[in-house]
Amino acid sequence: MKWKASIGLEVHVQLATQTKLFCGCRTTDSNAPPNSSVCPVCLGYPGALPVLNREAVRLTVRTGLMLGCAIRATSWFDRKSYFYPDMPKNYQISQYAAPLCEGGAVEVEGEDGIRRTVRLRRIHLEEDVAKSLHIGRRSGVDFNRAGVPLMEIVTEPDMGSPDEAFAFLLALKRILLCLAVSPCNLEEGNLRCDINCSVRPADRSELGTKVEIKNLNTFKGVRDALRHELERQQAALEAGELLEQETRRWDADAGATFSMRTKEQAHDYRYFPEPDLMPVRISVEERESWRAALPEMPARRCERFMQEYGLPEYDARVLTADRAIADYFEEAARGASNPKWVANWMMTEMLRRMADAPSEAWARLPVRPAALRELAELAGRGVINSPTAKAVLDVLFERGGDPVAIVQERGWGQISDAAAVGGLADRVIREHERVAADFRNGKAAALQFLIGQGMRLSRGKANPALLRDELIRRLGSRSESAG
Amino acid sequence: MRNEVTHWTLAETCRHLEAGDCCSVELVEALLAVIAERDPLIHSYIYLNAEEALDAAREADASRAAGKGGRLLGVPIAVKDVLNVRGQPCRCGSRILKGYTAPYDATVIARLRAEGAIFLGRTNMDEFAMGSTTENSAEGPTRNPWNLERVPGGSSGGSAAAVAAGEALAALGSDTGGSVRQPAAFCGCTGLKPTYGLLSRYGLVAYASSLDQVGTLTKDVEDAALLLSVMAGRDPHDSTSLDTPSVHYSAVEGFDLRGLRLGLPKEYFEGGMEWEVERTIQAAIAVCRELGAEIREVSLPHTALAIPTYYLIACAEASTNLARYDGVRYGYRTPDAADVETLHSRTRAEGFGREVKRRIILGTYALSRGYYEEYYGRAQRVRTLIRRDFEEAFRNCDALLTPTTPTAAYPLGERVEDPLRMYLGDVYTVPANLAGLCGLTVPCGFTKELLPVGLQMLGPALGESVLFRVGGAFQKATAWHRQRPPFPVAGSAR
């Protein structure tokens, strides 16, 4: 029998706000000492009350607008009750009945190159929980993460394979980076997924029994867990077994999923409207001003880069994957005589040097985009050679400045004067008469040696193309006169 | 001074301090002496801040000598155990908050502190403000200063008893369904429940978030107005606090009620009230009529639904508000729990009292899947109807006059085993919380057993000024609020 899988994802995205969702504590990364960014509100102390961080609302709605969601003029928060030691209040302030965003979609390009639409059900805002730490037989709780804003993006079960789910996550991450709504740092747990999946005979339209897999924090983990889980379900169905609606967890070391609880053991979260917060109202003016500030979608920008700057598709894709990089490139390429030169510098030197830097670093880089454009021009026109250009870039990385000024200041300019290079060529030929003779006798490779000698004599400053021309002109003319 | 101070109001005390008749240290010492003498019988305080209060009094006296002011400079105030005061315990009358010390000031406390107030001690209460007798306290019951065999009312029973017994000049309480007004009526105090949102709830330990409001227990209406003026106003830490311009409330002006229309909700007078209470209330209404008010009958058709609606909403909210007491971060923790689930369940089983558990279970049930619509959803819709009843009534009158309670203070232990009967005692106070209105109770007479009776005035949202006008004029025309329980008290030292 042929089988068909249906996959839906719930992606929890940590938002890039300065402070937590309901208090003034700063959001920190995992390097902060435990419980160093906490207060009565995020610790759930008696009498403390939440106050909504409006920036988190803006970032969520911005995402919703980008993904074509309907934005609710009035939404509200609900309490979701369950007991857990890393939940300060033993209820989570989340959105249940009236999320900020509903509907929408993400365009995903599969490995086959075919574009599919993954529909979204909703996007809502909620607070993160704390982190339990176990040290030997003792346990501790770090509340730094408690109350950090999470945006939960819930899809319809529109994905049909683990690879498609993987492609969806990549596409989503690109959009989130482009929107600058989240740092999207997977090691920091900025993106975490729950999976819903089911398998059914290919000729049946009704979905099969749904299994939920909780808390995956890598995209690869999502794909691996799905591959295994769908196989497990399919094998069970083929053996004539009935699947149970349940929640499972993925054990990456064991390479398998394990049951956590069945439908009967499922929590009753007892949702009801949070009485400590007022409903969230978003006026038409506010919503439209946020819409007007939306950036270009990465896919559209990629196409534009190909057309406008004449980039190959691969380069355009790489340069639009992160909005900070795309912005940087575009600022440098705008007004360049040959944008491809700038793209080459981005694709090689810049991305290599910035490989471990966070996205925000691009905006603070001492190498200003205009300086990179200058550098690409100098190198492209042959004013300086490639090693010199790299040395100039070193200086720019260290303390910024203007490439032309750096080249002049250090006497790194290339020798492009025909008379000077001609003199150099004469000297090389004089000093290596045997090699020069080899070339005249048809040994083409001898020319490389002569060029190398000329470069050495000029300490790398000679324009190699010019030097080559001058050598050929001399050796060629001499061989003619000899003939 | 010890005997004088038991009679002074807050405003009088301020005037005495201003005039130099006494200093703050003398005042605190005198109150501590009264407490030492009377509180062993009454048990209104569960924590006294004597040393720190005296230090604060010395500082206040020095400030005054240096020419610095503050509307409440050097004036001691008692605080119900439900409000966070930095550095003091805040146990809400519960075992589960044993060992918890407040790391911050509630907003109302911070505002009183900014005007120089001193926080003398913490008053007893029904655990987490759940109860009407102050018998549900881990610290044991408080007794009514008018008769030690009677309850002081609750849940702010400690605050009411302290003010009535002269152990406090004024006290703060909290009112979720009548917890300020009912004990004030039982103890012969003036009790104010402001409009929902007028006072910040930040730092007030939550029982039912959509109903809770900080209130005052004072010796007269002028003091209620003074405290409200200091505490009122928008607080950025409380999203539900109202953005109102700051108002200076006063009850000093106005000797008559001419031009005011006062409504009598007919449903409140259709039986259920003790005859002694009814007689007293009718006499008080007559006083208002003589002062020039136009008395008219109004109708609040959904009154009978208020009690079940209140208990559903309050318990539902409470079931989540009290979920945080789990032994993980603060307060009581069961010893030697082997795992987290045992830690949670045993801490809560041992830490909470019976009434609190009853309400948590009720509220959990009301929010459960499959029951939500039938209980919580319906209660919310009825709440809207009750609110509309009042909106309609306030079209035709400026304030309502009602009894505060159907009976005067009853004997200790009488309703402990009969929670339903205890709940029914909230029938006149609960609707104001459901509708978010303001309410004021003033002493208006005594039963023949010499137990105080309270007259309740209800005003529209932000109608506090009207209540102060009616209450102020009533207190100028009568002397009920100046009556103090005889000491030693009836029923004592037997």
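In order, the protein sequences belong to chains A and B.
In terms of the working numbering, the first sequence opens at residue 339 and continues consecutively.
In terms of the working numbering, the second sequence opens at residue 7 and continues consecutively.
We put the CB at the ideal spot given by N, CA and C, even for glycine.
Exposed unless 16 or more other CB atoms sit within 10 angstroms - verdict on residue i
i              : result
E623 (chain A) : exposed
P636 (chain A) : buried
E470 (chain B) : buried
E273 (chain B) : buried
S627 (chain A) : exposed
N90 (chain B)  : buried
E397 (chain B) : exposed
A664 (chain A) : buried
N779 (chain A) : exposed
R475 (chain A) : exposed
H350 (chain B) : buried
Y420 (chain A) : exposed
Cutoff 8 angstroms; reference residue i; Cβ partners in own chain excluding five residues on either side
i              : result
S374 (chain A) : T366, N482
D776 (chain A) : A784
A257 (chain B) : D226, V227, E228, A230, A231, F474, R475, G477, G478, Q481
Q489 (chain B) : G194, P449, F452, P458
Y382 (chain B) : L318, I319, A322, A372, L373
V742 (chain A) : E712, L716
A503 (chain A) : I345, L347, M497, I533, V560, R561, L564
Cβ neighbours of residue i in the same chain (closer than 6 angstroms, five flanking residues each side left out)
i              : result
N327 (chain B) : A212
L717 (chain A) : According to the sequence as given, residue 717 (chain A) is Ala; it is not Leu. These residues qualify, in order along the chain: A727.
V492 (chain A) : E348, R459, R460
S185 (chain B) : A135, S161, S162
R816 (chain A) : Model confidence at R816 (chain A) stands at a pLDDT of 45, short of 50, so the residue's coordinates are unreliable and nothing is read from them.
I48 (chain B)  : R149, P151, A167, A171
A62 (chain B)  : I124
Span of the alpha helix (DSSP H) around residue i
i              : result
P147 (chain B) : Taken as a continuous stretch (DSSP letters only), P147 (chain B) belongs to no alpha helix (DSSP H), as it is neither H nor E.
N327 (chain B) : 312-327
S69 (chain B)  : 56-71
S471 (chain B) : 470-483
A385 (chain B) : 384-402
K511 (chain A) : 500-517
L471 (chain A) : Counting along the chain, L471 (chain A) falls outside any alpha helix (DSSP H), though it belongs to the beta strand (DSSP E) covering 469-473.
W683 (chain A) : 677-683
Beta-carbon contacts of residue i that lie in its chain and below 7 angstroms, excluding the five residues immediately before and after
i              : result
E818 (chain A) : Residue confidence for E818 (chain A) is low, a pLDDT of 40 falling below 50, so the modelled location carries little weight; the figure read from the coordinates is stated next. Contacts found: none.
S143 (chain B) : G99, N130, M131, D132, E133
G821 (chain A) : Summary for G821 (chain A): the model assigns pLDDT 32, below 50, so the residue's position carries little reliability, and this model does not support an answer.
R365 (chain B) : M136, C321, A324
N9 (chain B)   : none
A17 (chain B)  : E228, D229, L232
M685 (chain A) : D653, V656
S520 (chain A) : V351, Q352, L353, A354, L514, N528
I753 (chain A) : V759, S796, K799, A800, N801
I431 (chain A) : F360, P388, F415, R417, E464, E465, E612
P633 (chain A) : C516, L517, R661
P378 (chain A) : A386
Residue span of the beta strand (DSSP E) that contains residue i, given as start and end
i              : result
R768 (chain A) : Careful: R768 (chain A) lies outside any beta strand (DSSP E), inside the alpha helix (DSSP H) at 756-769.
M463 (chain B) : 458-465
G179 (chain B) : 177-180
Y429 (chain A) : 429-432
R427 (chain B) : Not the beta strand (DSSP E): R427 (chain B) falls in the alpha helix (DSSP H), residues 425-430.
Residue-chain proximity (residue i, chain D), Cβ-Cβ < 7 angstroms
i              : result
G474 (chain A) : Checking the listed chains, one finds no chain D in this structure; the protein chains it contains are A and B.
Are the stretch 264-271 of chain B and the stretch 221-241 of chain B touching by the rule of at least three beta carbon pairs closer than 8 angstroms? Segments in contact, no.
Is the stretch 413-425 of chain B close to the stretch 461-468 of chain B, with three or more CB pairs under 8 angstroms? Result no; under three Cβ-Cβ pairs closer than 8 angstroms.
Pull out every residue of the stretch 419-431 of chain A whose Cβ sits closer than 7 angstroms to any Cβ of chain B, in chain order. With the criterion set as a beta carbon lying under 7 angstroms from some beta carbon of chain B, the members of the stretch 419-431 of chain A are S419, F421, P423, P426, K427, N428, Y429, in sequence order.
Positions along the stretch 589-616 of chain A whose CB lies within less than 9 angstroms of some CB in chain B: So the list reads D606, Y607, R608, Y609, F610, P611, E612, P613, D614, L615, M616, given in the order they occur along the chain.
Do three or more CB pairs link the stretch 602-610 of chain A to the stretch 361-376 of chain B at distances below 8 angstroms? Cβ pair count under 8 angstroms is three or more, so yes.
Taking a Cβ distance cut-off of 7 angstroms, strictly less, list which residues of the stretch 560-582 of chain A are near chain B, in chain order. For the stretch 560-582 of chain A, which is checked against every Cβ of chain B, not one residue is closer than 7 angstroms.
Chain B contacts made by the stretch 360-387 of chain A, where a contact means CB separation under 8 angstroms: Residues P378, L381, G382, Y383, P384, G385, A386, L387.
Any chance the stretch 374-392 of chain A sits against the stretch 286-303 of chain B, with 3 or more Cβ pairs inside 8 angstroms? Output reads no: the stretch 286-303 of chain B does not touch the stretch 374-392 of chain A.
Taking beta-carbon pairs under 9 angstroms, can you tell me which members of the stretch 407-438 of chain B lie near chain A? Taking a C-beta cut-off of 9 angstroms against chain A, none of the residues of the stretch 407-438 of chain B qualify.
For the stretch 392-417 of chain A, list every residue whose C-beta sits within 8 angstroms of some C-beta in chain B, in sequence order. From the stretch 392-417 of chain A, only R417 have a Cβ closer than 8 angstroms to chain B.
Do three or more CB pairs link the stretch 345-363 of chain B to the stretch 447-458 of chain A at distances below 8 angstroms? Pairwise C-beta distances place the stretch 345-363 of chain B out of contact with the stretch 447-458 of chain A, as fewer than three of them are shorter than 8 angstroms.
Taking any Cβ of chain A, which residues in the stretch 442-465 of chain B have a Cβ under 9 angstroms from it, in chain order? Listed by position, the residues of the stretch 442-465 of chain B near chain A (Cβ gap below 9 angstroms) amount to none.
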